[in-house]
Amino acid sequence: MRSAAFVLIFVSLVLLSSCAVFTVPGREVRAADGLFKEKRYNDAITAYRKVLHDYPDSSWAADARYRLALALAFHDNPQKDYHLAVQEFEEFLKLYPKHENAREAQNWREVLKSIEELKQLDIKHEEKREKREKR
Numbered sequence: 022m023r024s025a026a027f028v029l030i031f032v033s034l035v036l037l038s039s040c041a042v043f044t045v046p047g048r049e050v051r052a053a054d055g056l057f058k059e060k061r062y063n064d065a066i067t068a069y070r071k072v073l074h075d076y077p078d079s080s081w082a083a084d085a086r087y088r089l090a091l092a093l094a095f096h097d098n099p100q101k102d103y104h105l106a107v108q109e110f111e112e113f114l115k116l117y118p119k120h121e122n123a124r125e126a127q128n129w130r131e132v133l134k135s136i137e138e139l140k141q142l143d144i145k146h147e148e149k150r151e152k153r154e155k156r
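Under my numbering, read the sequence shown as residues 22 to 156, first letter to last.
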């Protein structure tokens with residue numbers, strides 16, 4: 022009976038300690054999510070990048086990269102960067118083509134590319150208008 026209790030306690034401790042090791046990236050992603058919810062977008066972006074740097078092979082790396090791209094493109098982020106968001110979505114799709122968010126990432130990538138193209142067209146149109154006015 023004592024040996025069974027010892028084995029049970031030992032196995033429980035091993036399982037708990039291994040869970041702690043494997044959940045560090047998850048905790049960091051969730052902490053970054055909290056920063057995002059607090060509208061601390063730059064801090065969230067930095068935290069997602071830290072997860073990618075520190076745990077590139079973690080099962081949480083895909084979520085960190087996807088959420089990083091979303092944070093870069095988020096409408097409420099005053100320093101949003103669509104070009105960089107497109108790059109992150111492309112990297113996400115290259116690394117995780119079968120991820121559950123792959124299709125959504127493809128949609129985001131295409132929408133953001135379209136926005137960037139429209140911006141360029143608008144800039145060119147404005148330049149042409151200014152040239153006409155100078156004549």
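By construction, the Cβ of each residue, glycine as well, lies at the ideal position given by its N, Cα and C atoms. Remember, predicted model here, so these are calculated numbers, not experimental data.
Check whether the region 80-92 touches the region 135-151, counting contact only when three or more Cβ pairs, one atom from each stretch, lie closer than 8 Å. They do not touch, by the three-pair rule.
On the three-state DSSP scale, how would you describe Val42? In the sequence shown, residue 42 corresponds to position 21, counting from 1. With a pLDDT of 48 at Val42, under the threshold of 50, the predicted position of this residue should be treated as unreliable, and no value is reported.
Under 7 Å, do Phe113 and Arg86 count as touching if we go by C-beta distance? Indexing the sequence shown from 1 puts residue 113 at position 92. Indexing the sequence shown from 1 puts residue 86 at position 65. Yes, Cβ-Cβ distance for Phe113 and Arg86 is below 7 Å.
Beta-carbon proximity of Val107 to Arg124, cut-off 7 Å: On the sequence shown, residue 107 is found 86 positions in, with the first residue counted as 1. On the sequence shown, residue 124 is found 103 positions in, with the first residue counted as 1. Annotated as distal: Val107 and Arg124, with beta-carbon spacing of 7 Å or more.
Return helix, strand or coil for Arg51, following the three-state DSSP convention. Position 30 of the sequence shown holds residue 51. For Arg51, the secondary structure class from DSSP, reduced to helix, strand or coil, is helix.
What's the gap between the Cα of Asn126 and the Cα of Tyr103? Counting from 1 along the sequence shown, the entry for residue 126 is found at position 105. Counting from 1 along the sequence shown, the entry for residue 103 is found at position 82. Residue 126 is actually Ala in this sequence, not Asn. If you take the alpha carbons of Ala126 and Tyr103, they lie about 13 Å apart.
Pick from Ile144, Gln100, Leu105: whose alpha carbon is nearest that of Asn63? Taking the first residue of the sequence shown as 1, we reach residue 63 at position 42. The shortest Cα separation from Asn63 among Ile144, Gln100, Leu105 belongs to Gln100.
Nonlocal neighbours in the same chain, by C-beta distance under 6 Å from Val50, ignoring five residues either side: Mapped onto the sequence shown, residue 50 falls at position 29. If you ignore the 5 residues before and after Val50, its C-beta comes within less than 6 Å of the C-beta of Val72, Trp81, Asp84, Ala85, all in its own chain and listed in chain order.
Reference Glu111; option with closest CA among Arg88, Glu154, Glu151: Numbered from its first residue, the sequence shown carries residue 111 at position 90. The closest CA to that of Glu111, considering only Arg88, Glu154, Glu151, is found on Arg88.
Would you kindly work out how many angstroms separate the C-alpha atoms of Asp143 and Arg156, rounded to a whole number? Here residue 143 is taken as the residue at index 122 of the sequence shown, counted from 1. Here residue 156 is taken as the residue at index 135 of the sequence shown, counted from 1. Using only the alpha carbons, I get a separation of about 20 Å.
Classify Pro46 as buried or exposed, calling it buried when 16 or more other Cβ atoms lie within 10 Å of its own Cβ. For this step, residue 46 is matched to residue 25 along the sequence shown. With 16 or more other Cβ atoms within 10 Å, it is buried.
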